[in-house]
Structures are given as structure tokens and as C-alpha cells.
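Chain order of the listed sequences is A and B. By the working numbering, the letter at position 25 of the first sequence is numbered 5, and the numbering carries on one by one without gaps. Count along the second sequence from 1, then add 353; that gives the number in the working numbering. Every residue, glycine too, gets a C-beta built ideally from N, C-alpha and C. A short worksheet on the structure shown next.
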Amino acid sequence: MKTLVLGLGNDMLSDDAIGLKVVRELARVNSRPDVEVQETCLASLELLDLLVGFDRAILVDAVLTETGSVGDIYDLPPESLDIGSTPTSLHHVDLPNVLAMGTGLGLKMPEDVRILAVKADDITTFGGPCCAEVEAAVPRILDLIEARLST
Amino acid sequence: MTKTQTTTILINPITRLEGHGKIDIFLNDAGDVENAYFQVPELRGFEEFCRGRPVEELARITTRICGVCPGAHHMASSKALDAVFHVDPPPAAKKLRELFYCAHMIHSHIAHFYALAAPDFVLGPQSDPAMRNVLGVIATVGRELGESVIRHRAYAQDIQALIGGKATHPVCGLPGGMSKAINEEERKSIQDMAESTLEFAKFSLKLFHDVVLMNKEYVDIVLGDVYTMQSYYMGLVDQNNKVNFYEGDIRVVDPVGLEFARFKPAEYLDHIQEHVESWTYLKFPYLKNVGWRGLVEGDDSGVFRVAPLARLNVADGMATPLAQEAYEAMFSTLGGKPVHATLANHWARLVELMYAAERLLELATDAEITSPDVRAIPTATPDEGVGVVEAPRGTLFHHYKTDSDGLVTDLNLIVATVNNHAAICMSIKKAAQALIKKKTVSEGLLNMVEMAFRAYDPCFGCATHALPGQMPLTVLIRDKSGEILQKVER
């Protein structure tokens, strides 16, 4: 089974770097030949090309939530991002739409997709560091990825 | 749309970014729409982040502003760097950049038309929202269309990767030219892809003709008052006043289509000023020599529009034959120039797809395109420069200042969506006016607002990237004092 672990984020934007930090660490230690580790600061429909051809995908990203504490980790299915409407802009095509478009176009999309998301504090300040609470989530996310890859 | 929805949390635990895609509609005493504004999240510190860095790094840093249109920033930045270092790239370098940029435009226009615009038209704005997506389009037109969309989008990516080093975050542009040339084998593969893309552009225009133009209901929507707005238009033109995505003069036409201004990118501050409102960090560029009169239409209001329709409105035509045919067909069908129908942006996008494909093929078969002479080494002391390109969504300005060591002291970027900011607010207001009367909100408000949005393909979230999310549109309807009367959202 081919698995993609994809870190999403922008390493110039404070806590938004968390997805990249996690996969960089994973790439350093990953020895599984069937697991590909990638990072990207792309978004929206642009993610389609990255996901094609894999059986399974694990996405790591920052998230803003109304509840919970900074550094909390959410393990989410793509459906949780579905707000059930036609995208308003190429910049805002959500993951369920990306997966549905890929499948509908006859592309091989991963059937098993999970999102590991870390509650962020600030994702809009250029040049800022990841805050300590978010940074501290790195080893815990790596454990979650490891557990998932072992199943 | 009852009041009970006001407490609904869209997605739990994930919710929207603060202020993300939030629209405020203010009513007057009679309960009719007075004004409409949209809010976007503020990105902080980009100038500080760039200040003090070697200016040549900006071609790579600014591509990271946006997770969707890095190619446009890379090109605008490369051109600004030429200006900062007072260096003129060799002809082959300019052609390679333009070739890369045609591929970028093709990639974006195909995705926008088929994934976002076509569902509203091929299936109809009143169709079941669950089917009103690219899959519904494929189900209607046929499976081979889907395959073709994917293939040509991929070609455009391959060409960008071949020239740019990477498809998505190109690293090819340097002050004075390009980092590498292409060889004959690469040229031939680009030519093959360009030929195929040209056929696909023909197909796309035919699809638009058969599905949209043959349907009076759709044409009526496109030309209807709700989506019509009298404004100035801005775009790049070549020396013959034809549309050019990569370089030329900036031309502005007035609401009756007469040339109002024509200027060099470096002179933009003589023509464009930015209005500031207290309720949003996002500025409102307007024509300095007309003046700011607020969010109003007409020839005494400095509001201007950019993007595909604006480019076609400012130009006297297209520089390639099939695109010229398509251009003429569009203006004759829609009643002559300029066209003020916002939804005609979708048609204009396909005219541009044709131009980009034809121009791509021209460049791919240009005898000079494989020349190894793609770089002029800068020798002058760097100081200041402006680079302008037409991004898929409209005119994009990069302006840098440096010290004599080439370290950034100041920069100013005006992105396409900001140029369209006032116009987008006004288009929202028009849709809202049609659907809100005496405090009563009709069904379909979000649909109508979304259709206005989509025509501009705005980039509200540039760089705010957390989660591959979609912008949940939230509309707050307020009375004159600002109190929220109703909240409409998905």
C-alpha cells in the first residue's frame, strides 16, 4: 500500500509552519519504502496533483478552532471539512471537493485520508516562529503518524 | 434561512478564520441595502519580513504569498528585479518567460472555467447544488471531457516545471533573465503540448457557444442588471494595443471605452492611489486622476476593474488570429465595447485561453527559443524598480526599493484582488439589493453573491493557508446602527 504523508503550511507564517516541521522530522527518520513524505505550501485544487496515485494519505496542517487549546491535535476525516457548497474561488476549493473531483475525473485518489491538525494561535504573521504549544505537538503527531502507518 | 441559524457552528471543531470571507450588508432606515463590504484576514509583517534581505531573493519569497498563483508573483518579481538592477534580459529570456507565463495562464484558466464557472452555466444556476460542480459538468458533457481537462491542465504544469525548475514554485527568474535555457528536445515536447492545448481551447469556446450562448436564459443572466456595473478598466497592452500578459504599457479605458490613460509600469503611482477605510485593512486602489467618490459606478468614480474582461475591454484586439475571432464574437454578441457584464469574465477567460494557447505555440516554434543566451549579468548599482504582469485575476504590481548593496529597504505589492476590491464590494451590493427589500431577505442570496464573486475569482486568503479549506461565506445583515439583524451562511 502506497502512503503519502503530506505536510501543509507556510514556513514564513508563524504557526502555519507546523505541518512542514512535522514531515521534515518524519522524512529524516522514515525508512519505509512504501511511505512517501512530502511538504508543500500549495493549497486548494493544487493539492490534487500531489494526492494522485496513493492508496492512503495523511495530511498534517495547522487549524483554527473556536474551542480547545493551542497545541491540541485533531484527527479528522476529510468529510469534517465539507461545508457543502460550490467553491467560490480557485483559492478555496476544500479537500472533499478536491478528492471528489479527482475521483470523478477517473484519477486514482487515496481512499483512506486522514488529517492531523494542530490548533494554532497565529497563522497570519510573517516571519514569526511557531509558538511553544504548537511546537510541542511535533512528537505527539509523529507518534500518531507512526501508529497509523503501523496499521 | 431562519434566525435560529445564527448560532449554527459551521464545522466543528474547525471553523472559519476570523473575518474570512465575511460580508457585511448595511441597510438604511427603509430596510433596503445601503452598502456591502467584505472582510478578509489581515496578514501582518510581510514588509518587515522582506526588509534587509537581498532583493534577488524576492522572486522566490513572494511566490510563497499564495498557495495558488505563485507563477504570477514570480514573473512580476523577476521583472521588478530587472528594473532594480537596470538590466534588460536577452530576447530569448523574455520569450522563455512569456512562454512559461502562457502555460501559467492556461493552467489557471482551465481550472477556473471547468471547476468553478462551468457548473453554474452547463448545469444552470438553479440546478441542484449537489450536482452543480465539475462532476455534474462531466456527467452532462461526457467523460472524455474530464480526461481532457486533466490532461491539458497537466501539460500546462509540465511546461511550467520544464522552464521554471518546479511547476508550482518556479525558481527560473533572475535579474537580467533566466537561470537556464531549453534544448531542442524540450522545445519539441512543448510544441506538441501547445498544439494539443490549442485544440482544447477551440473545444472550450465551442462548448461555451453551444451550452451558454444557445440558452437565452443564461445570456439574460449574464447581461442582467444585477451583474452589470459601469466602471473604468485596466490592463496591459502591447505596442499595437493588443492584450499582453507579460509586458507592455498599462492602459485604462473609461466606462464608454475611450482611452483614459496609458502609462509605463514605473509610473503607476502617478495614476493609482489607494483609499483606506477604517473597517478593513485591505485598501481600495482607484484612479488618482478621477478621484475617490466611494463605492459608486460611473465616469466620475475612480473605481476600476482588472481581470480577463477588463483586459479585453482595454485592448483593441488579440494578437493571434483565433483569439481575435473569439474576441470579435464576444463583443458583437454582448453589444460592443466595453462590456460591463461582470459574468462575461467567464467568456473573456476562454478568449484568453485561446490566446495563451496560440501564443504558446508561436513561442514554442520561435527560432530563438532554444538560444543559450538567456541572461544579461547586471552591472549597475541596484536602487528601485517596478514589475507588472497580468496575473490570471488581473494586473499585479511589484515595486521594490533597495540600498546600494541591493538589500531591500521598501516594497509595495498590489495584487489583482486588491485592484478589484471596490468592484467586488459593489457587485455584492448589487446582488444584495436585488434580494433584500425592506429587511426581507429572499432565498438565493448566497447563490447570487457567490456568482458575482466567482466571476472575479478573488484571492482572499493569499498565504493564510491553514487547512486545505474552502471559504465559508458568511453574510451579516446589519441595520444603520450596525446591529446584526440576520446572519446567512453555509
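If you draw a straight line from the C-alpha of residue 725 (chain B) to the C-alpha of residue 535 (chain B), how long is it? 8 Å
Could you pull out every residue in the same chain whose Cβ sits closer than 6 Å to the Cβ of residue -16 (chain A), ignoring the five residues on either side in sequence? 16, 34, 37
Spatial neighbours of residue 624 (chain B) in its chain, beta-carbon cut-off 8 Å, leaving aside the 5 residues before and after: 603, 605, 614, 616, 640, 641, 642
Is the beta carbon of residue 114 (chain A) less than 8 Å from the beta carbon of residue 5 (chain A)? no
Using 10 angstroms around the beta-carbon of residue 597 (chain B), count the other beta-carbons present and answer buried if the total reaches 16, otherwise exposed. buried
Proximity test, Cβ basis, 8 Å: residue 465 (chain B) and chain A: yes
From the DSSP secondary-structure annotation, give me the bridge partner or partners of residue 840 (chain B). B:829
With H, G and I counted as helix, E and B as strand and the rest as coil, what does DSSP make of residue 783 (chain B)? helix
Over the uninterrupted beta strand (DSSP E) stretch that includes residue 750 (chain B), give me the two end residues. 747 to 755
Got a sec? Which residues, its chain only, sit under 6 Å from residue 485 (chain B) by beta carbon, not counting five neighbours each side? 472, 476
Check whether the Cβ atoms of residue 102 (chain A) and residue -5 (chain A) lie closer than 8 Å to each other. yes
Decide if residue 40 (chain A) is buried, meaning its Cβ has at least 16 other Cβ atoms within 10 Å, or exposed. buried
List the residues of chain A that residue 461 (chain B) touches, going by C-beta distances under 8 Å, in chain order. 70
Which residue marks the beginning of the beta strand (DSSP E) containing residue 585 (chain B), and which one marks its end? 585 to 590
Answer yes or no: do residue 19 (chain A) and residue 3 (chain A) have a C-beta to C-beta separation smaller than 8 Å? yes
Chain-ordered chain B contacts of residue -8 (chain A) [CB-CB under 7 Å]: 402, 417
If you count every other CB in all the chains shown that lies within 10 Å of the CB of residue 499 (chain B), and 16 or more means buried, which is it? buried
Indicate, with yes or no, if the ligand FMN has a heavy atom lying under 7 Å from the CB of residue -4 (chain A). Among the components modelled here there is no ligand, and therefore nothing to report on the ligand FMN.
Contacts of residue 583 (chain B) in chain A (Cβ-Cβ under 7 Å): Here the premise fails: no neighbours, minimum Cβ distance about 24 Å.
Would residue 101 (chain A) count as contacting chain B if we go by Cβ distances under 8 Å? no
Report yes or no: do the stretch 556 to 571 of chain B and the stretch 408 to 428 of chain B share at least 3 C-beta pairs separated by less than 8 Å? no
Around the C-beta of residue 745 (chain B), are 16 or more other C-beta atoms found within 10 angstroms, so that it is buried, or is it exposed? buried
What is the DSSP secondary structure of residue 791 (chain B), reduced to helix, strand or coil? coil
For residue 38 (chain A): DSSP bridge partner residues: A:-15, A:94
Consult DSSP for residue 523 (chain B) and reduce its assignment to one of helix, strand or coil. coil
Residues of chain B with CB closer than 8 Å to the CB of residue 89 (chain A), please, in chain order. Correct list: empty, because the minimum Cβ distance to chain B is about 12 Å.
Does residue 384 (chain B) come out as helix, strand or coil in the three-state DSSP assignment? coil
Buried or exposed: where does residue 98 (chain A) fall if 16 or more other Cβ atoms within 10 Å of its Cβ makes it buried? buried
What span of residues does the alpha helix (DSSP H) with residue -10 (chain A) cover, start to end? No alpha helix (DSSP H) contains residue -10 (chain A), which DSSP labels as neither H nor E.
Which value, in whole angstroms, describes the spacing of the CA atoms of residue 696 (chain B) and residue 576 (chain B)? 8 Å
Close beta carbons around residue 52 (chain A), own chain, < 6 Å, minus the five adjacent residues each side: 99
Once the 5 residues before and after residue 74 (chain A) are set aside, which same chain residues still bring their CB inside 6 Å of it? 61
According to DSSP, which residues form a beta bridge with residue 765 (chain B)? B:752
Assigned secondary structure, residue 510 (chain B) (DSSP; H/G/I helix, E/B strand, else coil): helix
Using a Cβ-Cβ cut-off of less than 9 Å, list which residues of the stretch 497 to 510 of chain B approach chain A; keep chain order. 499, 500, 502, 503, 506, 507, 510
Kindly list the residues whose CB is nearer than 8 Å to the CB of residue 770 (chain B), restricted to its own chain and excluding five residues on each side of it in sequence; keep chain order. 746, 747, 777, 809, 811, 812, 813, 815
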